[in-house]
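Chemist: Read in numbering that gives the first Met the number 0, the sequence shown has 252 at position 253, and its numbers run on one by one without any break.
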Amino acid sequence: MGAAGGDGQREAIKSLVFKESAALESLKIAGYDFDRGLDLTGLLDCMLSTGFQATNLGEAIDVVNQMINWRLADEEPSEGCIEEERDPAFRESMRCKIFLGFTSNLISSGVRETIRFLVQHRMVDVLVTTAGGIEEDLIKCLAPTYKGDFALAGTYLRAKGWNRIGNLLVPNENYCKFGDWVMPILDQMLKEQTTERAHWTPSKLIDRFGKEINDASSYLYWASKNTIPVFCPAITDGSIGDMLYLHSLRNPGLVVDIVQDVRAMDEEAVHASPRRTGVIILGEAVSRSTTSATPTCSAAAQTTPCS
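Now the structure itself:
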């Protein structure tokens with residue numbers, strides 16, 4: 000009995016330790032082979048099979064590529080669609096409507112140039128950002144941002160007249176230059192509001208800034224030039240808010256209607272049909288919650304019966 004029991008125990012342990020493996024149909028892990036030379040496309044293609052966080056990046060790349068490649072022609076015409084939507088040429092021309100939401104630190108950093116490229120070449124359709132994402136783009140057209148260090152002490156920075164954004168440094172004079180640049184524009188906008196009954200919203204304010212800056216390094220310049228709307232629900236949360244306050248003391252009366260922009264933002268998604276909508280969100284806070292909520296309105300409109 001003892002020997003038989005021992006044999007059974009050994010077999011149980013053996014079957015547990017040396018459990019036969021089920022077949023795996025998953026992607027095999029392998030990284031980029033640099034013997035192939037430096038190939039950016041090949042390197043990015045290998046992210047999915049590299050593992051760990053690289054796989055997350057690879058999956059994100061796949062989703063973005065789906066947004067870029069989608070055409071209405073990929074799907075059968077829906078029942079009851081208008082005649083134009085049955086035209087093959089029209090269906091091939093209809094691509095995914097891409098919303099890009101991002102936080103201000105990306106504009107403070109060199110990622111600004113990537114976002115400028117996307118806007119310049121109409122690779123995104125709607126932008127949502129924070130106040131810093133607006134003013135930092137404009138300020139960089141007036142004066143540079145510099146490399147610093149995350150650990151620089153506040154007392155040291157204050158004595159030097161520098162402002163720290165992570166490991167980036169912005170001199171006080173940059174904000175002074177921004178104030179000198181923006182105040183005459185606000186004066187003119189107030190004049191147009193008074194004499195021409197102009198109705199200003201944050202997105203119209205931002206579009207005006209993009210026109211006035213007239214600098215091809217600015218993503219706002221290209222957004223204005225390409226008629227790509229830029230929404231900023233928290234437009235007063237930064238230096239722009241300070242400028243609006245100071246302007247109201249010196250030359251009161253300018254009105255910026257945020258409610259109209261809420262409607263305009265939501266309707267960008269509600270009226271996207273027959274196009275699909277895609278969302279790319281970089282960062283958290285207002286830009287994330289606003290961007291992710293907006294296309295929800297599109298889904299609601301498509302599933303809710305209307306008279």
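Where a beta carbon is used, it is the ideal one built from N, C-alpha and C, also for glycine.
1) Could you pull out every residue in the same chain whose Cβ sits closer than 7 angstroms to the Cβ of D44, ignoring the five residues on either side in sequence?
2) Out of F17, P273, Y220, state which residue places its alpha-carbon closest to the alpha-carbon of G79.
3) Just to confirm the assignment, what range does the beta strand (DSSP E) spanning N162 have?
4) Across which residues does DSSP place V229 in a beta bridge pair?
5) DSSP three-state call for G178: helix, strand or coil?
6) Keeping to the same chain, check which residues put their C-beta closer than 8 angstroms to that of F177; ignore five residues upstream and five downstream.
7) Assign A299 to buried or exposed, taking buried as 16 or more other Cβ atoms, counted over all protein chains shown, within 10 Å of its Cβ.
8) In angstroms with no decimal places, state the Cα-to-Cα distance between D32 and M46.
9) Pop quiz: F101 and L281 are said to be a contact at Cβ under 8 angstroms. What is the actual Cβ separation, rounded to whole angstroms?
10) Can you tell me whether N275 is buried or exposed, with buried defined as 16 or more other CB within 10 angstroms of its CB?
11) Buried or exposed: which applies to F208, given that a residue is buried once 16 or more other Cβ atoms fall within 10 Å of its Cβ?
12) Return helix, strand or coil for W199, following the three-state DSSP convention.
13) Secondary structure at P87, three-state DSSP: helix, strand or coil?
14) Which residues in the same chain have their Cβ closer than 6 angstroms to the Cβ of L99, if we skip the five residues on either side of it in sequence?
15) For the beta strand (DSSP E) that P101 lies in, which residues bound it at each end?
16) Please state whether DSSP places T302 in a helix, a strand or coil.
17) Using a Cβ cut-off of 7 angstroms (strictly closer), state whether I184 contacts chain D.
18) Is it buried or exposed, D38, if we count other Cβ atoms within 10 angstroms and call 16 or more buried?
19) So what's I133 in DSSP terms, helix, strand or just coil?
20) Just checking, does the stretch 86-97 make contact with the stretch 59-71 on the three C-beta pairs under 8 angstroms criterion?
21) Taking one C-beta from the stretch 260-267 and one from the stretch 148-163 each time, how about it: are there three or more such pairs within less than 8 angstroms?
22) Is it right to say E267 is buried, meaning 16 or more other beta carbons lie within 10 angstroms of its own, or is it exposed?
23) Tell me the rounded alpha-carbon separation between G160 and N171.
24) State yes or no: is the C-beta of I106 within less than 7 angstroms of the C-beta of G132?
25) Please list the terminal residues of the continuous alpha helix (DSSP H) segment that includes I279.
26) Roughly how many whole angstroms lie between the Cα atoms of S25 and V255?
27) I need the DSSP call for R121, collapsed to helix, strand or coil.
28) By the three-class DSSP mapping on this structure, what secondary structure does V62 have?
29) In three-state DSSP terms, what is L26?
Modeler: By the coordinates alone:
1) Numbered from 1 along the sequence shown, position 45 holds the residue referred to as residue 44. So no residue of the chain qualifies.
2) Taking the sequence shown and counting its residues from 1, one reaches residue 79 at position 80. Selected option, being the one with the closest Cα: P273.
3) Position 163 of the sequence shown, counted from the start, is the residue given in the question as residue 162. Start and end: 161-164.
4) Within the sequence shown, residue 229 is the residue found at index 230, counting from 1. Per DSSP, L126.
5) Translated into the one-based positions of the sequence shown, residue 178 becomes position 179. Looking at G178 - three-state DSSP - the assignment turns out to be helix.
6) Taking the first residue of the sequence shown as position 1, residue 177 is located at position 178. Closer than 8 angstroms at Cβ, skipping near neighbours: E134, L137, I138, L141, S238, M242.
7) Counting from one through the sequence shown, the residue named residue 299 turns up at place 300. Interpretation of A299 is limited by its pLDDT of 45, a score under 50 that renders its predicted location unreliable; the figure taken from the coordinates is listed afterwards. Exposed is the call here.
8) Translated into positions along the sequence shown, residue 32 becomes position 33. Translated into positions along the sequence shown, residue 46 becomes position 47. When rounded, the distance between both Cα atoms is 12 angstroms.
9) Locating residue 101 in the sequence shown gives position 102, counting from the first residue. Locating residue 281 in the sequence shown gives position 282, counting from the first residue. With a Cβ gap of about 4 angstroms, F101 and L281 count as contacting.
10) Here residue 275 is taken as the residue at index 276 of the sequence shown, counted from 1. With the sequence shown as reference, residue 275 is identified as Arg, and Asn is not the correct amino acid for it. Counting Cβ neighbours within 10 Å, R275 comes out buried, since at least 16 surround it.
11) Within the sequence shown, the letter at position 209 stands for residue 208. Buried, because 16 or more other Cβ atoms sit within 10 Å of the Cβ of F208.
12) By 1-based counting over the sequence shown, the position of residue 199 is 200. If DSSP states are grouped into helix, strand and coil, W199 belongs with the strands.
13) Taking the sequence shown and counting its residues from 1, the one referred to as residue 87 is at position 88. Helix.
14) Taking the first residue of the sequence shown as position 1, residue 99 is located at position 100. Answer for L99: V123, L126, I279, listed in chain order.
15) Residue 101 sits at position 102 when you count from the first residue of the sequence shown. Here residue 101 turns out to be Phe, not Pro, going by the sequence shown. Its beta strand (DSSP E) spans residues 96-101.
16) Taking the first residue of the sequence shown as 1, we reach residue 302 at position 303. A caution first: T302 carries a pLDDT of 43, below 50, which makes its placement in the model too unreliable to give a value.
17) Chain labels in this structure do not include chain D; a single protein chain is all it has.
18) Here residue 38 refers to the residue found at position 39 of the sequence shown. That one is exposed.
19) As a first step, residue 133 is located in the sequence shown; it is residue number 134 there, counting from the start. Correct three-state label for I133: helix.
20) yes
21) no
22) Within the sequence shown, the letter at position 268 stands for residue 267. Its Cβ being crowded by 16 or more others within 10 Å, E267 is buried.
23) Position 161 of the sequence shown, counting from 1, holds the residue named residue 160. Position 172 of the sequence shown, counting from 1, holds the residue named residue 171. Rounded to whole angstroms, G160 to N171 spans 6 angstroms at the Cα level.
24) Taking the sequence shown and counting its residues from 1, one reaches residue 106 at position 107. Taking the sequence shown and counting its residues from 1, one reaches residue 132 at position 133. Taking 7 angstroms as the Cβ cut-off, I106 and G132 qualify as a contacting pair.
25) Numbered from its first residue, the sequence shown carries residue 279 at position 280. Segment 276-281 is the beta strand (DSSP E) holding I279; no alpha helix (DSSP H) there.
26) Numbered from 1 along the sequence shown, position 26 holds the residue referred to as residue 25. Numbered from 1 along the sequence shown, position 256 holds the residue referred to as residue 255. Their backbone Cα atoms lie some 54 angstroms apart in a straight line.
27) Here residue 121 is taken as the residue at index 122 of the sequence shown, counted from 1. DSSP places R121 in coil when its eight states are reduced to three.
28) For the purposes of this step, residue 62 is taken as the residue at position 63 of the sequence shown. Helix, per DSSP.
29) Mapped onto the sequence shown, residue 26 falls at position 27. L26 falls in the coil class under three-state DSSP.
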